[in-house]
Each structure stands twice: as C-alpha cells, then as structure tokens.
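A quick write-up on the structure given underneath.
Numbering (this note's numbering), first residue to last: 6 to 352.
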C-alpha cells in the first residue's frame, strides 16, 4: 500500500504537492521523496521512523512537515535546508536534543510543536527562529527557559505546561507580542516583575506551581483568562503587625540605613561600626523582608497592598466561589515570621 502511494506520488513529479502516509508502520523515511522538489506538505506521523533521510534536504519548497509520534531522538540537522518550512510537528517522539545547525535555515518557521518529548534544555540557536509565532513544548523535562527564547519578538503563544521549570527569566519582558502563556504544572515559585510588561498578554495559566504572591502591577495586566488553582495562594494564619504608630522612629530609619549600607560593604560604616558596640548589638537583631529582602528592626506592614482581581478576568471554576484578593508586594519592606504564609488573602 505504501509503495503504491509513493509510486503514484512520484508519477506526479513536480506537480505532487501533498503526501500523507499516516500509520503505515514505516521504519524509515523513503529516500524517493527527494525526487519531489515541489512538495509542499509531508505528513508521516504515527510511524516507526528513527531518523530522517538525507534526501529531505531537497524539499526546499516544503511548508508543512509532520513527523509526530515516531522514534526520532533529535531535531535533525537536515531541517536547516527546509528554508520554506512554516509548520513543524515533532510531538510524541523521543527527542532530547537539537542537532547542531538544525535551526539555521528555519527563518520562516511559524509553528513548532515539540510536545511529549524528552527535552531537558533548549539550545541558544532557538533565537534564530525569527518568524516563530506559536511554540509548544508541553510534557518535556525543561528545567529553565533560555534567555534566547525571550528574543523571539514575533512569539504570540508559548506553551510550557508539565515541565520542571523553577523560574521565569526577567528577559520575558521582550516578548512584546505574547498573548498566551501556559506554565501549568511546573515548580515555579516566583513571578518576575517583568511579566507585568507583557501588555498584550490575554491568557495566563500558572496552575499547579508553588507561587504564593504576585508582583506589583500584576492587576494591571489585561488578561481575559487566568488560571492559578493548585498554588499555595491562601492565607492560612493572619499575621498581625505590631506597628503602633504610622511614623517610623528615628532609630528605625537609621538602623535600616546602616544595615543596607553594610550589606553593600560601605567601608566608612564597616570601620565605624566597630567603635559603637551598642549600635552593633541593635542591628544584630535585624531581619530581612520575606518578600523584597530589605532590612528592618521593628515589624511593620508597609510593603504589601491587597488588590482585587479585575472583574473581567475569567478564572478557574473552583476559584469563583472563594472571595479572594491578590496580594501585591509594592515597595520597601513587608515582614512576616513565616515566608510561606502569604499569597492570596482571604477577606
């Protein structure tokens, strides 16, 4: 059956534009495909192909290539010759690496699907995919997002669900066209302030991470859909500030200044502090803010404000019944004994 389809396709010569050979139990890519330079679409998903044939390099007019659900272990080097390629589907393989140079010629690639593979990292060369608009790498083992990915200025949708990410790079602010960001089921603990620079972001999914609070300006995002279930966002034990007055004492102001200067290794203060044991004793009781890292002596509640999420945000069903407010670290210093307590505050 496969042979007959190939013979028919080959008989069409340059006029053959589409070949679809799904689920044919093929164990190798037919080298005869190299005789079809006019081919536009090649679909070989659900087979047993472990690597591409060298003749793939001849398909310079190919715009769509689907090799999903095969046995590939790398994004092959031959991809760099497919200079017209716009859609590349490689999901459901065993891909754990990119071959050197694989991204070099993919200047017109718009969609890249690498779901359900074994990737632990992305190469710096992904920055060469200048036209990339949709990127999906769900169900892999990525531990980080390379900064180079953040320079794909045409990226509109980025899916990284079910990986092992622990943070989001600050450089994400350069994805100015990003509208959809899916980060569900990772190990992300903090959202960077720079996320709030994504003015076109409309869909954000951070469900199933370990996020406790949101950065200042988060409520200004123009989201239409927001999903955050499965994060430790609830205030279990309210922390009561011991602040008695609205004005800092001179001692508190001075102590904070001294501690921050010492942290910066100010030589004048480091020399002077040795001469004043009473000051040294006082600042030895200093603590740092669990959120912004600033120093303090007396417990104050000044760095946090509670902001209700916008009414037009669509959120997960299981959150709609809970009266929530977003906890925002705004400036200066918020203090708490247990840094795991705060996230979203119950009202």
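All C-beta atoms, glycine included, are put in the ideal place defined by N, C-alpha and C.
Quick caveat, the model's predicted, so the values are computed rather than measured.
- In this structure, 177 is the residue among 267, 177 and 225 with its C-alpha nearest to the C-alpha of residue 152.
- Residue burial is scored here from C-beta neighbours: residue 238 has at least 16 other C-beta atoms within 10 angstroms and is therefore classed as buried.
- The beta carbon of residue 199 is closer than 8 Å to those of 175, 176, 177 and 178 in its chain, skipping five residues each way along the sequence.
- Each residue's CA atom was taken as its position, placing residue 186 and residue 226 some 13 Å apart.
- When beta bridges are read from the DSSP output, residue 164 appears opposite 141 and 187.
- DSSP, reduced to helix, strand and coil, places residue 32 outside both helices and strands of the structure shown, so it counts as coil.
- In this model, residue 60 and residue 39 are separated by some 5 Å (Cα to Cα).
- In the structure shown, residue 320 adopts extended strand secondary structure according to DSSP, grouped into three states.
- Within the DSSP bridge table, the entry for residue 65 names no partner.
- Our two residues, residue 26 and residue 48, have alpha carbons roughly 6 Å apart in a direct line.
- Out of 42, 127, 31 and 28, the CA that lies nearest to the CA of residue 20 is found in 42.
- Residue 109 sits in coil when the DSSP states are folded into three classes, being neither helix nor strand.
- In the three-state DSSP reduction, residue 88 falls in the coil class, being neither helix nor strand.
- Taking C-beta atoms as the reference points, residue 145 and residue 121 count as a pair closer than 9 Å.
- DSSP links residue 118 through a beta bridge to 94 and 141.
- In the three-state reduction of the DSSP assignment, residue 265 falls in the helix class.
- Taking C-alpha positions only, residue 181 is separated from residue 143 by approximately 22 Å.
- In the structure shown, residue 59 falls within a helical segment according to DSSP collapsed to helix, strand and coil.
- Rounded to the nearest angstrom, the Cβ distance from residue 80 to residue 54 is 14 Å, too far for a contact under 8 Å.
- When the Cα atoms are used, residue 69 and residue 161 turn out to be separated by approximately 19 Å.
- When C-alpha distances from residue 165 are compared across 139, 159 and 156, the shortest belongs to 139.
- Within its own chain, the residues whose Cβ lies closer than 7 Å to the Cβ of residue 57, once the five positions on either side in sequence are excluded, are 34, 81 and 83, listed in chain order.
- In this structure, the alpha-carbon of residue 191 lies about 45 Å from that of residue 255.
- In this model, residue 233 and residue 31 are separated by some 43 Å (Cα to Cα).
- Within 10 angstroms of the beta-carbon of residue 258 lie fewer than 16 other beta-carbons, which makes it exposed.
- Within the DSSP bridge table, the entry for residue 210 names 187 and 232 as partners.
- Between residue 261 and residue 319 a beta carbon distance of about 42 Å is seen, past the 8 Å cut, so the two are scored as non-contacting.
- If you ignore the 5 residues before and after residue 126, its C-beta comes within less than 8 Å of the C-beta of 147, 148, 149 and 151, all in its own chain and listed in chain order.
- Under a 10 Å Cβ-count criterion, residue 71 is classified as buried, with 16 or more other Cβ atoms of the shown protein chains found around its own Cβ.
- Within its own chain, the residues whose Cβ lies closer than 7 Å to the Cβ of residue 275, once the five positions on either side in sequence are excluded, are 267, listed in chain order.
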